[in-house]
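Each remark here refers to the structure printed beneath this line.
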Amino acid sequence: MKAFSQRIKHLASINSWPEILQTYQNSGVIPGQDPESDFYLGLANLFLGNIDTAENLFQKTTQHDANRYDATLFLARCKLEQRRNDLAFAFAKGCSVPVEDPYFLDMAGTVFSHVGRPDIALPYLEKASTIDSSSTSVLSNFAICNLHLGNIDTARTLFSKIITQEPHNQRCHWQLSKITTATDYSHIKNMKGIIQKRKLKPEHCVFYNYAIGKEFEDLKEWDLAFKHYDLAASTVNKHLNYDVALDEKLVDELITANYQSNTVGRQTQLQESGQDNEGCIFITGLPRSGTSLVDQILSSHSEISSAGELQTIENCIQESRLTRQLSGRDIIEYSEESVSNLAGIYKDRTRYLRTDKRWMIDKLPHNYLYLGIIAKSFPEAKIVHVNREAKDSCFAMFKQLFASKYMFSYSQKSLARYYIAYSKLMDFWRQELGNRLIEVHYEKLVSEPEQEIKKLFKKLVLPFETACLTPHKTKRAVMTASSRQVRQPIHQSSIRKHQNFKQHLTILYQTLNNEKA
1 MKAFSQRIKH LASINSWPEI LQTYQNSGVI PGQDPESDFY LGLANLFLGN
51 IDTAENLFQK TTQHDANRYD ATLFLARCKL EQRRNDLAFA FAKGCSVPVE
101 DPYFLDMAGT VFSHVGRPDI ALPYLEKAST IDSSSTSVLS NFAICNLHLG
151 NIDTARTLFS KIITQEPHNQ RCHWQLSKIT TATDYSHIKN MKGIIQKRKL
201 KPEHCVFYNY AIGKEFEDLK EWDLAFKHYD LAASTVNKHL NYDVALDEKL
251 VDELITANYQ SNTVGRQTQL QESGQDNEGC IFITGLPRSG TSLVDQILSS
301 HSEISSAGEL QTIENCIQES RLTRQLSGRD IIEYSEESVS NLAGIYKDRT
351 RYLRTDKRWM IDKLPHNYLY LGIIAKSFPE AKIVHVNREA KDSCFAMFKQ
401 LFASKYMFSY SQKSLARYYI AYSKLMDFWR QELGNRLIEV HYEKLVSEPE
451 QEIKKLFKKL VLPFETACLT PHKTKRAVMT ASSRQVRQPI HQSSIRKHQN
501 FKQHLTILYQ TLNNEKA
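Spelled out as structure tokens, the structure:
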């Protein structure tokens with residue numbers, strides 16, 4: 001057994017995960033006989049995507065030795081893969097990581113960041129980066145955590161340090177460009193030089209092109225900015241297996257099925273929620289439409305906190321329907337069969353994100369797909385929809401690289417068609433939800449903030465507070481693409497931005513007009 005354990009440990013040290021599985025199969029050793037070998041077999045299964053098997057093996061390890069912080073943190077990793085952030089948080093919070101181990105300090109920090117608690121993550125990542133200052137991955141995690149917490153100058157310094165150590169780190173060049181307003185062409189020349197020197201093809205420099213486009217836009221070089229935005233977006237789009245017709249079909253199915261069933265929770269007048277100390281505010285709208293700004297405004301209130309963009313509603317539906325590709329019928333059937341349990345499950349899974357404030361915001365943009373379920377499951381919740389002018393909204397998405405969602409955003413035609421479908425769905429929700437749906441128009445909000453913010457709180461049936469007029473002063477975690485913008489005073493500079501690029505947006509404009517006609 002000793003020779004077997006040593007063999008397994010050696011294979012793990014060289015990341016030979018398939019060979020670990022093969023060695024186990026050939027040896028006849030049964031999991032449970034050797035806790036240390038179980039741990040490495042768990043690693044192999046985790047990195048090969050066998051998450052349930054890995055979880056079971058890590059549990060065996062911790063049952064044998066409850067102090068195994070390494071196995072506990074890998075259990076947290078399993079829960080992240082299973083999209084149970086609440087359980088990932090519980091595992092990470094329940095283990096004691098040695099202060100001298102940078103690998104597991106970094107892992108604990110990244111788990112806390114992923115589950116929406118960068119405030120807890122920061123000291124872990126700071127310690128890890130102090131011990132292992134040569135690791136660009138550790139430094140990058142520390143930089144991003146600082147960015148989410150609003151420590152922009154610290155993040156900028158860290159990204160610059162990483163680029164000094166690793167000049168070809170595309171993601172850090174991109175992150176640095178997003179949080180720095182370019183005043184000259186030096187960084188652009190640096191990035192272009194790397195592309196030319198390394199002879200990078202478009203598919204290998206997507207981050208560079210988004211970064212270069214952004215900095216050209218800062219310098220008001222509109223044509224050059226669009227050239228790089230378009231090159232980056234078209235490259236991403238080319239590698240996606242996406243058809244906007246499927247999303248159009250989903251919207252049609254949602255509307256048709258909702259008409260045919262009693263799935264919508266409508267009430268004509270929004271009421272206070274009695275003694276409920278776990279009130280929910282759902283903010284929805286297309287990405288880059290101003291949802292983060294509204295989130296920041298409301299979070300400046302003494303009775304409201306924000307949990308950020310939670311996928312809990314969507315995850316619950318997907319778990320119930322046993323698929324991640326939901327159809328309109330799936331969503332409606334969930335509403336008919338399981339909606340009575342959703343509020344309780346949702347509150348249990350998000351309780352670790354709550355503060356002592358009465359209301360918690362969930363700001364997942366595409367929750368507009370699930371507004372019928374949300375309205376019915378949370379009869380006392382407040383639902384806020386943020387709407388932005390079509391051309392500005394579409395172009396703001398077009399120049400943004402998203403992590404995984406919003407595949408329609410990399411093509412002008414798909415963007416326009418999706419926007420029309422989304423507008424159609426929102427028209428339906430307005431009709432069905434009545435006063436349950438509280439509308440915020442981005443252009444009005446930034447043009448007349450005091451008037452519109454007071455109006456918003458009146459509709460929310462909450463007392464207005466003056467701190468909400470200066471939301472950029474509110475210190476909190478913001479884990480979206482707008483993490484820098486919300487730290488700035490409310491401004492109008494994003495209105496009609498698309499006009500700087502109008503000669504390049506003919507397809508977008510024509511498709512919007514044709515589809516509306």
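Each residue of the sequence shown is one higher than the one before, starting from 1 at the first, in the numbering used here.
Even glycine gets a Cβ: it sits at the ideal position worked out from N, Cα and C.
Check: Could you tell me the alpha carbon to alpha carbon distance between LYS497 and ASP392, rounded to whole angstroms?; Outcome: 6 Å
Check: Short of 7 Å in beta carbon distance, which residues of its chain neighbour LEU87, apart from the five on each side in sequence? Order them along the chain.; Outcome: LYS79
Check: Would you mind giving the Cβ-Cβ distance between GLU452 and LYS444, rounded to the nearest angstrom? I have them listed as a contact below 8 Å.; Outcome: 5 Å
Check: Pull up the CB-CB distance for ALA143 and LEU122, whole angstroms please, since I reckon it's below 8 Å.; Outcome: Contact doesn't hold; Cβ gap of about 11 Å is too wide.
Check: Nearest CA to the CA of LEU310: which residue from GLY344, PRO365, PHE402 and THR355?; Outcome: PRO365
Check: Assign TYR259 to buried or exposed, taking buried as 16 or more other Cβ atoms, counted over all protein chains shown, within 10 Å of its Cβ.; Outcome: exposed
Check: If we require 4 or more residues per run, which alpha helix (DSSP H) segments fall completely within the stretch 180-256?; Outcome: 186-197, 206-218 and 222-238
Check: Out of ASP153, ALA390, ILE152 and GLU55, point me to the one whose CA is closest to HIS441's CA.; Outcome: ALA390
Check: Closer than 8 Å is the cut-off here; do at least three beta carbon pairs connect the stretch 335-350 with the stretch 287-295?; Outcome: no
Check: Taking the runs of the alpha helix (DSSP H) that are 4 residues or longer, which of them lie wholly in the stretch 317-400?; Outcome: 328-337, 339-350, 371-377 and 390-398
Check: Determine the DSSP secondary structure at VAL461, reduced to helix, strand or coil.; Outcome: coil
Check: Is DSSP giving CYS280 helix, strand or coil here?; Outcome: strand
Check: For the stretch 460-473 and the stretch 486-495, state whether three or more C-beta atom pairs, one from each stretch, are separated by less than 8 Å.; Outcome: yes
Check: If we count the other Cβ atoms within 10 Å of its Cβ and call it buried at 16 or more, is ASN45 buried or exposed?; Outcome: buried
Check: Quick check on the DSSP output: the beta strand (DSSP E) that includes LEU437 runs from which residue to which?; Outcome: 437-441
Check: Check whether the Cβ atoms of THR136 and GLU100 sit closer than 8 Å, and answer yes or no.; Outcome: no
Check: Under 8 Å by Cβ, that's how I've got SER306 and LYS363 pegged, so tell me the actual separation to the nearest angstrom.; Outcome: 6 Å
Check: Between which residues of its own chain and GLY116 is the CB-CB distance below 8 Å, once the five residues before and five after are set aside?; Outcome: ASN85, ALA307, GLY308, LEU310, LEU353, ALA477 and MET479
Check: Quick one: what does DSSP say SER129 is sitting in, helix, strand or coil?; Outcome: helix
Check: According to DSSP, which residues form a beta bridge with SER305?; Outcome: MET360
Check: Counting C-beta neighbours from all protein chains within 10 Å, is the total for LEU41 16 or more, i.e. buried, or is it exposed?; Outcome: buried
Check: Which term fits LYS376, buried or exposed, when burial requires 16 or more other beta carbons within 10 angstroms of its beta carbon?; Outcome: buried
Check: How long is the line joining the alpha carbons of LEU254 and ALA12, rounded to whole angstroms?; Outcome: 48 Å
Check: Could you tell me the distance, in whole angstroms, from the CA atom of ALA245 to the CA atom of LYS399?; Outcome: 22 Å
Check: If you draw a straight line from the C-alpha of SER96 to the C-alpha of ARG68, how long is it?; Outcome: 9 Å
Check: Take TYR368 as the anchor and find which of ASP184, CYS394, LYS424 and SER134 has the nearest alpha-carbon.; Outcome: LYS424
Check: Taking the continuous alpha helix (DSSP H) assigned at VAL111, which residues delimit it?; Outcome: 102-114
Check: What's the C-alpha gap between LYS220 and MET191?; Outcome: 18 Å
Check: Under 8 Å between the Cβ atoms of TYR242 and PHE408?; Outcome: yes
Check: Does the distance from the C-beta atom of MET426 to that of HIS385 stay below 8 Å?; Outcome: yes
Check: What is the rounded straight-line gap between the Cα of TYR429 and the Cα of GLU248?; Outcome: In the sequence as displayed, the identity of residue 429 is Trp instead of Tyr. Computed Cα separation, rounded: 16 Å.
Check: What residue range is occupied by the uninterrupted alpha helix (DSSP H) comprising SER5?; Outcome: 2-13
Check: What does the alpha-carbon distance come out to for the pair GLN63 and CYS205?; Outcome: 46 Å
Check: How far does the alpha helix (DSSP H) with SER292 in it extend, from its first residue to its last?; Outcome: 291-299
Check: Taking 8 Å as the limit between beta carbons, can you name the residues of its chain near PHE402, skipping five residues before and five after?; Outcome: PRO287, SER409 and ALA481
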